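Trainee:
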Ligand code: ATP
Ligand code: MG
């Protein structure tokens with residue numbers, strides 16, 4: 004064990020208060036693994052009883068290695084997600100590798116295509132990338148969380164003037180794609196024989212230059228297809244960014260992954276939600292409660308003004324305007340709507 008700091012706590016302080024002191028001092032998280040092993044802030048502490056003293060040694064704790072896209076559609080959003088989780092990345096994305104300022108994490112900047120392989124091999128422990136890339140590479144990794152951004156679909160498209168009825172259209176046709184595995188699996192399941200032309204990029208021009216009869220590619224708004232004289236005829240799968248993990252993480256890395264997942268979920272729970280505060284006469288409160296069920300049920304607090312109460316609750320962004328109109332109609336006043344940063348359920 005590599006020792007870098009020794010701390011003595013007198014037994015009269017007691018084990019508990021000694022830790023409490025350290026805890027407050029560092030404003031850090033204390034994990035209890037067993038009676039003699041603790042993970043504390045970014046260090047592992049081992050407690051050895053020596054005569055009348057508790058003797059602590061500190062050693063550097065393992066860091067979890069996360070792979071994110073170096074430059075592309077996912078890069079900024081991946082960094083934003085980590086920032087929302089309270090993880091500071093200071094060195095920018097120009098380096099291949101950097102360390103988080105306040106979380107035991109190393110960040111590797113890679114091409115998204117390579118991330119599944121690196122995570123399978125354990126070069127990175129976890130990674131953020133599109134589900135489409137995970138399916139295509141088909142590596143032995145776990146998808147641990149859907150992240151809710153970079154939503155897109157993988158679709159089949161054909162020249163806009165072609166008549167289309169069903170999938171039989173594709174029988175013995177040439178289809179250009181960067182996702183040959185997903186496409187082959189799809190048509191094999193359907194029992195339809197097609198010829199797949201694998202391309203690295205610019206798939207949308209393949210029909211125009213006579214390389215293929217159709218394409219299979221990522222679509223989000225569909226504007227690229229229209230610009231290239233194509234029409235979308237079948238959606239094969241929907242995709243979004245996901246967090247993947249190596250299947251054999253050490254215990255301490257599993258703990259770090261759990262901590263990260265806890266933060267990601269708190270952030271995701273707050274997305275698309277608003278906190279509402281309002282005042283209303285007591286007689287309409289039961290109707291307002293029906294309209295604002297909240298997480299468990301809304302909080303109702305009496306106002307100094309007799310006969311009035313204040314109501315606190317959470318609403319979905321999508322229902323926002325409709326609910327606010329209804330609340331005003333019911334007699335609610337002083338309605339405050341506040342964004343939610345994180346929500347721990
Ligand atoms: P790299 O050079 O790192 O391999 P790339 O060109 O393969 O990058 P990008 O175009 O940056 O990849 O897209 C990365 C991921 O973002 C895709 O795999 C997909 O999951 C998602 N994505 C791609 N296009 C869109 C889009 N139009 N809308 C939403 N998400 C998209
Ligand atoms: Mg790529």
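In this note's numbering, the protein residues as written are 4 to 348.
The C-beta atom is built at its ideal place from N, Cα and C for all residues, glycine as well.
Computed from a predicted model, the values in this text were never measured in an experiment.
Out of 306, 176 and 289, which one is the CA nearest neighbour of residue 330?
Mentor: Taking the first residue of the chain shown as position 1, residue 330 is located at position 327. Looking at the Cα atoms, 289 is the closest of the given residues.
Trainee: Taking 5 Å as the limit, name every residue whose beta carbon sits nearer than that to some heavy atom of ligand 2, in sequence order.
Mentor: Cβ atoms closer than 5 Å to ligand 2 belong to 115 and 116.
Trainee: Can at least three beta-carbon pairs, one atom from the region 200 to 220 and one from the region 167 to 181, be found at a separation below 8 Å?
Mentor: Contact between the region 200 to 220 and the region 167 to 181 is present, because at least three Cβ pairs lie under 8 Å.
Trainee: At the level of alpha carbons, what is the spacing between residue 302 and residue 342?
Mentor: In the chain shown, residue 302 corresponds to position 299, counting from 1. In the chain shown, residue 342 corresponds to position 339, counting from 1. Cα to Cα, residue 302 sits roughly 17 Å from residue 342.
Trainee: What is the DSSP secondary structure of residue 136, reduced to helix, strand or coil?
Mentor: Taking the chain shown and counting its residues from 1, one reaches residue 136 at position 133. Helix.
Trainee: Measuring from the CB of residue 75, is there a heavy atom of ligand 1 at a distance below 6 Å?
Mentor: Counting from 1 along the chain shown, the entry for residue 75 is found at position 72. Result yes, Cβ under 6 Å from ligand 1.
Trainee: Determine which residues share a DSSP beta bridge with residue 170 and list them.
Mentor: Translated into positions along the chain shown, residue 170 becomes position 167. Answer is none; residue 170 lacks a bridge partner.
Trainee: Quick check for students: name the residue ranges of the beta strand (DSSP E) that lie wholly in the region 275 to 309, counting only runs of 3 or more.
Mentor: If we require 3 residues or more, the beta strand (DSSP E) runs fully inside the region 275 to 309 come out as 276 to 284 and 302 to 305.
Trainee: So what does DSSP say about residue 79, is it helix, strand or coil?
Mentor: Counting from 1 along the chain shown, the entry for residue 79 is found at position 76. Of the three classes helix, strand and coil, the one that applies to residue 79 here is helix, per DSSP.
Trainee: Excluding the 5 residues flanking residue 184 on each side, which residues of the same chain have their C-beta closer than 7 Å to its C-beta?
Mentor: For the purposes of this step, residue 184 is taken as the residue at position 181 of the chain shown. Once the five neighbours on either side are set aside, the close Cβ partners of residue 184 are 139 and 141.
Trainee: Exposed or buried, which one is residue 274 when buried takes at least 16 other CB atoms within 10 Å?
Mentor: Residue numbering aside, residue 274 sits at position 271 when the chain shown is read from its first letter. So residue 274 counts as exposed.
Trainee: Using the C-alpha atoms, what's the distance from residue 282 back to residue 294?
Mentor: Start at 1 with the first residue of the chain shown, and residue 294 comes out as number 291. Start at 1 with the first residue of the chain shown, and residue 282 comes out as number 279. Rounded to whole angstroms, residue 294 to residue 282 spans 14 Å at the Cα level.
Trainee: Which term fits residue 316, buried or exposed, when burial requires 16 or more other beta carbons within 10 angstroms of its beta carbon?
Mentor: Taking the chain shown and counting its residues from 1, the one referred to as residue 316 is at position 313. Flag for residue 316 reads buried.
Trainee: Does the beta carbon of residue 300 fall short of 6 Å from some heavy atom of ligand 1?
Mentor: Here the question's residue 300 lines up with position 297 in the chain shown. Answer for residue 300: no, Cβ out of range of ligand 1.
Trainee: Just curious, the alpha helix (DSSP H) that residue 269 is in, first and last residue?
Mentor: Position 266 of the chain shown holds residue 269. Where residue 269 is concerned, the enclosing alpha helix (DSSP H) stretches over 254 to 273.
Trainee: Buried or exposed for residue 249, please, with buried defined as at least 16 other CB atoms from any protein chain shown within 10 angstroms of its CB.
Mentor: What you label residue 249 is simply residue 246 of the chain shown in a count that begins at 1. Classification for residue 249: buried.
Trainee: Assign residue 128 to one of three DSSP states: helix, strand, or coil.
Mentor: Position 125 of the chain shown, counted from the first residue, corresponds to residue 128. DSSP places residue 128 in coil when its eight states are reduced to three.
Trainee: How would you write the range of the alpha helix (DSSP H) that residue 325 sits in, first residue to last?
Mentor: Looking up residue 325 in the chain shown gives position 322. From DSSP, the alpha helix (DSSP H) with residue 325 extends over 323 to 333.
Trainee: May I ask you to check if the CB of residue 88 is nearer than 6 Å to at least one heavy atom of ligand 1?
Mentor: Along the chain shown, read from residue 1 onward, the residue named residue 88 stands at position 85. It does not: the Cβ of residue 88 is nowhere closer than 6 Å to a heavy atom of ligand 1.
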